[in-house]
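Visitor: Residue numbers for the sequence shown, in the UniProt record's numbering: 1 to 198.
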Amino acid sequence: MNRQSQTTSLRIILKSTFRKGGAAVPELRLGDLVPNFILPTATGEQFLLEDHQQSHRNCWHLIVFFRGSWSPACVRALRQMEDHLEKFTNEYVTVMAIAAENTSELKHLADKENFTFPLLADEFLSIIEAFGVFIHHRSASEEGMGAFGEPAFFLINHDGELLYQQKQTGPFGRACAGDLLETVRHLKIQQQTKGSAS
1 MNRQSQTTSL RIILKSTFRK GGAAVPELRL GDLVPNFILP TATGEQFLLE DHQQSHRNCW
61 HLIVFFRGSW SPACVRALRQ MEDHLEKFTN EYVTVMAIAA ENTSELKHLA DKENFTFPLL
121 ADEFLSIIEA FGVFIHHRSA SEEGMGAFGE PAFFLINHDG ELLYQQKQTG PFGRACAGDL
181 LETVRHLKIQ QQTKGSAS
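1) Please report the straight-line C-alpha distance between M81 and P118, rounded to a whole angstrom.
2) I'd like the span of the beta strand (DSSP E) that includes A42, first residue to last.
3) Can you list the beta strand (DSSP E) stretches of 3 or more residues lying completely in the stretch 52–139, in chain order?
4) Please list, in chain order, all residues of the same chain as D83 whose beta carbon is under 8 Å from its beta carbon, the five residues on each side excluded.
5) Give me, in chain order, the residues of the same chain whose beta-carbon lies closer than 8 Å to that of residue 199; leave out the 5 immediate sequence neighbours on both sides.
6) Relative to the C-alpha of A77, which candidate in Q191, D179 and Q192 has its C-alpha closest?
7) Kindly identify the DSSP beta-bridge partner or partners of K167.
8) Restricting to Cα atoms, I'd like to know which of H158, R138, L125 and K87 is closest to E50.
9) Looking only at its own chain, which residues have a Cβ that is under 6 Å from the Cβ of L106, when we skip the five neighbours before and after it?
10) How big is the Cα-Cα spacing for F115 and E45?
11) Closest to C59 by C-alpha separation, out of Q190, V184 and G195, would be which residue?
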């Protein structure tokens, strides 16, 4: 798929999923269905959330937003995710990470760090915006990258319903992988308790 058709596909999904009568998307709340999206992976393949959910039907999914491969704090956090990946898998949770970078930057990061979960390129911040992630706009006087999303976490169930979210306005203070794992376990116990009470 070339860049133009990819952008057109993304706009179609965004338009049909995120807008009602031209109004901006409201803030996601617990229990809401998260937006479906299609983004290129670090390896250049197309990643469609809906397809991923179908191929991992019994799983929950952790969507991790990070600033970019240039952020030491984010790279450390992604390393933690990789170190805990087997534990997430044992809890039937898949992990994916999204940044406002291009595929070559993410491929370099994935290769350098040996990340095995999908890194997704949201170069134009469409999905970052759709999820309500805080966007940092650099001024002309600041060096480095243009606009980028701050760290955020969204945990969804197998149907795409939002179970947990945490959004940051800066690089520090985010949940660590161990805390996210405990959150998963806590939510699963809550759901089991709720299910047995009905």
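The beta carbon of each residue, even a glycine, is placed where N, CA and C say it ideally should be.
Since we're looking at a predicted model, the values are computed, not measured.
Guide: This is what the structure holds:
1) Looking up residue 81 in the sequence shown gives position 81. Looking up residue 118 in the sequence shown gives position 118. Cα to Cα, M81 sits roughly 12 Å from P118.
2) Within the sequence shown, residue 42 is the residue found at index 42, counting from 1. For A42, there is no enclosing beta strand (DSSP E), since its DSSP letter is neither H nor E.
3) Runs of the beta strand (DSSP E) inside the stretch 52–139: 60–65, 93–99 and 119–121.
4) Here residue 83 refers to the residue found at position 83 of the sequence shown. Hits under 8 Å: A177.
5) No information on residue 199 is available, as it lies outside the stretch 1 to 198 that the chain covers here.
6) Reading the sequence shown from its first residue, position 77 is the one you call residue 77. The shortest C-alpha separation from A77 is found at D179.
7) Counted from its first residue, the sequence shown places residue 167 at position 167. Beta-bridge pairing links K167 to A152.
8) Within the sequence shown, numbered from 1, the residue matching residue 50 stands at position 50. Of H158, R138, L125 and K87, the residue nearest in Cα terms is H158.
9) Along the sequence shown, read from residue 1 onward, the residue named residue 106 stands at position 106. If we look at L106 and ignore the five residues flanking it on each side, its Cβ neighbours are A42, L119 and A121.
10) In the sequence shown, residue 115 corresponds to position 115, counting from 1. In the sequence shown, residue 45 corresponds to position 45, counting from 1. When rounded, the separation of the alpha-carbon atoms in F115 and E45 is 16 Å.
11) Taking the sequence shown and counting its residues from 1, one reaches residue 59 at position 59. It is V184.
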